[in-house]
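Working notes for the structure below.
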Ligand SMILES: NC(=O)c1ccc[n+]([C@@H]2O[C@H](COP(=O)([O-])OP(=O)(O)OC[C@H]3O[C@@H](n4cnc5c(N)ncnc54)[C@H](OP(=O)(O)O)[C@@H]3O)[C@@H](O)[C@H]2O)c1
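Numbering (my numbering), first residue to last: 260 to 514.
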């Protein structure tokens, strides 16, 4: 019997935090991973070693989600990496995870801050997904990482929360338009998680950590390993009928 080649996932922002955990959990399911980093090349290389230790093939590529003009160059590199490391022309799952935080009151948010957030969290997601379609296998999937902040409001997140809301709507359009190719599109929306995000404020600021735990039904702040397994699940056949859904993974935050 011919062996089925292992699936390949592209995880943006896989060098740290949630994307790192997603990459590891995908590898644990036997899925090969191409992860991207923005500036932390060494951290990305360390994740590659961990993934290879799980018995899958892995590679890391530099990617700037906010520089749409660089995407054609990125896809040229991606094509070469697919060939050289994975002996493949295409990949199966796109996980749009890369991102940065912005905490600014609505009244004080500048146009520069707004554009930075929209470029990275919305425009970048829109066009990396569009440009991925030529390399994405039919029957594959897209997972867009949103935030609890698209559902509930915390002061200081108006630009960020509304950009995340935009990719939630975009996800439903992707599911509709790509269904003919059997490509599923879903959203994973984490609550507040202890990572470097926003200078590590959820992890390192005791007051914020306590506030989040206090408004979470399960009584604590999230950890990266609360999230990665849900993304990995969406990239398996167990999730083959899950489409156009928003799965909030927050322990029941701000109910
Ligand atoms: N942590 C939370 O509380 C939380 C809650 C809800 C949603 N989220 C979302 O989850 C995703 C991951 O967050 P995280 O907590 O894992 O953050 P993180 O620990 O700060 O990691 C951010 C990742 O994104 C990459 N990145 C940063 N700027 C980039 C850019 N301009 N272009 C491409 N990649 C870039 C980083 O690369 P380098 O390592 O090279 O810098 C890193 O891999 C984000 O979309 C975030 O909005 C986070």
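C-beta atoms are modelled at their ideal positions from N, C-alpha and C, and glycine is treated no differently.
Does the beta-carbon of residue i, which I'm using as the reference point, lie nearer than 8 Å to any heavy atom of ligand 1?
i: residue 414; result: no
i: residue 303; result: yes
i: residue 398; result: no
i: residue 449; result: yes
i: residue 315; result: no
i: residue 283; result: no
i: residue 461; result: yes
i: residue 468; result: no
i: residue 362; result: no
i: residue 264; result: no
i: residue 273; result: yes
i: residue 472; result: no
i: residue 328; result: no
i: residue 323; result: yes
i: residue 456; result: yes
i: residue 299; result: yes
i: residue 423; result: yes
i: residue 406; result: yes
i: residue 356; result: yes
i: residue 267; result: no
i: residue 340; result: no
i: residue 381; result: no
i: residue 419; result: yes
i: residue 278; result: yes
In this structure, what does DSSP give as the bridge partners for residue i?
i: residue 505; result: 446
i: residue 430; result: Bridge partners of residue 430: none, in fact.
i: residue 270; result: 294 and 354
i: residue 317; result: 292
i: residue 512; result: 475
i: residue 452; result: 481
Provide the residue span of the alpha helix (DSSP H) that contains residue i, from first to last.
i: residue 467; result: 465 to 473
i: residue 490; result: 487 to 493
Where do the N-terminal and C-terminal ends of the beta strand (DSSP E) with residue i fall, by residue?
i: residue 480; result: Residue 480 -> no beta strand (DSSP E), and no H or E assigned at all.
i: residue 324; result: Element bounds for residue 324: n/a, residue is neither H nor E.
Item to check | Any beta strand (DSSP E) of 3 or more consecutive residues that is wholly inside the stretch 337 to 372 | outcome: Fully contained in the stretch 337 to 372 are the following beta strand (DSSP E) runs of length 3 or more, in chain order: 350 to 355.
(request) Mind listing, in chain order, the continuous alpha helix (DSSP H) runs of no fewer than 4 residues lying wholly within the stretch 272 to 313? (result) Listed in chain order, the complete alpha helix (DSSP H) runs (minimum 4 residues) inside the stretch 272 to 313 are 276 to 287 and 300 to 312.
Runs of 3 residues minimum, wholly inside the stretch 380 to 417: which ones carry the beta strand (DSSP E) assignment?
Correct list: 395 to 404.
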